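In UniProt numbering, the protein residues as written are 1 to 122.
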């Protein structure tokens, strides 16, 4: 008569000694998937190994939106951070120029910053 379906399923499952590429996904139960990975991929056919990815611009935009966790790393946020850093550099340069002019004009002592440093305890 042959072997039962259950026996065939047990024979088919790949064990830890199988030399091929195993699927790297975890099942819903939290255990590693025991299926073989699709050739050239790291996942089996049930965990996305057959997927070729988004092809249309709408699909790519949807995929990109899914990977966004917060807005700190968007192109706009990075551009804004660079703009703020540039403004800060310009302000510090202007303050250095004002400090030099005040020291040269005698309005500030050369060691004026040391007056505000905390005294070490003895």
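All residues carry an ideal CB built from backbone N, CA and C; glycine is no exception. The structure displayed is predicted, hence computed values, not measured ones.
State the DSSP-derived secondary structure class of residue i, mapped to helix, strand or coil.
| i | result |
| --- | --- |
| residue 32 | strand |
| residue 42 | coil |
| residue 22 | strand |
| residue 73 | coil |
| residue 82 | helix |
| residue 117 | coil |
| residue 65 | helix |
| residue 111 | coil |
| residue 49 | coil |
| residue 104 | helix |
| residue 205 | Nothing in the structure corresponds to residue 205, since the chain is present only between 1 and 122. |
| residue 37 | coil |
Please determine, among the options, the residue with the shortest C-alpha to C-alpha distance to residue i.
| i | options | result |
| --- | --- | --- |
| residue 33 | 40, 24, 41, 39 | 24 |
| residue 38 | 48, 119, 30 | 48 |
| residue 46 | 40, 92, 35 | 35 |
Count the other CB atoms within 10 Å of the CB of residue i; is the residue buried (16 or more) or exposed (fewer)?
| i | result |
| --- | --- |
| residue 96 | exposed |
| residue 79 | exposed |
| residue 100 | exposed |
| residue 113 | exposed |
| residue 93 | exposed |
| residue 43 | buried |
So does residue i have its beta carbon nearer than 6 Å to some heavy atom of the ligand SAH?
| i | result |
| --- | --- |
| residue 27 | The ligand SAH is absent from the structure shown, which contains no ligand whatsoever. |
Examine chain D for any beta-carbon lying closer than 7 Å to the beta-carbon of residue i, and answer yes or no.
| i | result |
| --- | --- |
| residue 26 | The question asks about chain D, but that chain is absent: this structure has only one protein chain. |
Practice task
Could you tell me whether the segment 60-67 touches the segment 77-85, using the rule of 3 or more Cβ pairs below 8 Å?
Solution key: Contact between the segment 60-67 and the segment 77-85 is absent: fewer than 3 CB-CB pairs across the two stretches fall below 8 Å.
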